[in-house]
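Trainee: Residues 1 to 115 in full-length UniProt numbering are what the sequence shown spells out, letter by letter.
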Amino acid sequence: PLLAEHISDYMAKTLFHTSLLYLSTTEHKAEIARFCSNVEMCRLTEQVIFSDPYMLASNNRWTSPYLDEDAKAVREDNQLKVEVAELKSKFCEKTQALIHGDLHTGSVMVTSSST
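Shown next as structure tokens:
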């Protein structure tokens, strides 16, 4: 029941305290260098989030045949791919704050009484 409150509080604090709103430019650049030195992890995130879902790729999995048409529609949606390319550009070029690259429901541990 507290997930929304906890995750929004965590994200707000994390984003603020790793941004130029809080850090000096020197501190911010040092943190970027520390966290972005794992170029293989950055490359993998770019591939999994911004490339593979929009083409036939060996790591793609979906419930076939039930989602075949949906997967095909994503692969053939050129407007979507343009918008994703813009997001990829922002992800790669703008280091405004440091966040976990793939924050999703599978990476948040919750129970009925704690987050």
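Glycine included, C-beta positions come from ideal geometry on N, C-alpha and C. Please read all numbers here as calculations on a predicted model, not as lab measurements.
1) Pairing CB atoms from the segment 35 to 47 with CB atoms from the segment 85 to 104, are three or more of them under 8 Å?
2) Once the 5 residues before and after R29 are set aside, which same chain residues still bring their CB inside 6 Å of it?
3) Would you identify the three-state DSSP class for A57, choosing helix, strand or coil?
4) Does DSSP put A85 in a helix, in a strand, or in coil?
5) With distances taken Cα to Cα, identify the nearest neighbour of D70 among M55, T115, N59, V84.
Mentor: Reading from the atomic positions:
1) yes
2) Rather than Arg, the amino acid found at residue 29 in this sequence is Lys. By the criterion of a C-beta distance shorter than 6 Å, K29 is surrounded by no residue of its chain, once the five residues flanking it on both sides are discounted.
3) coil
4) A85 sits in a helix when the DSSP states are folded into three classes.
5) M55
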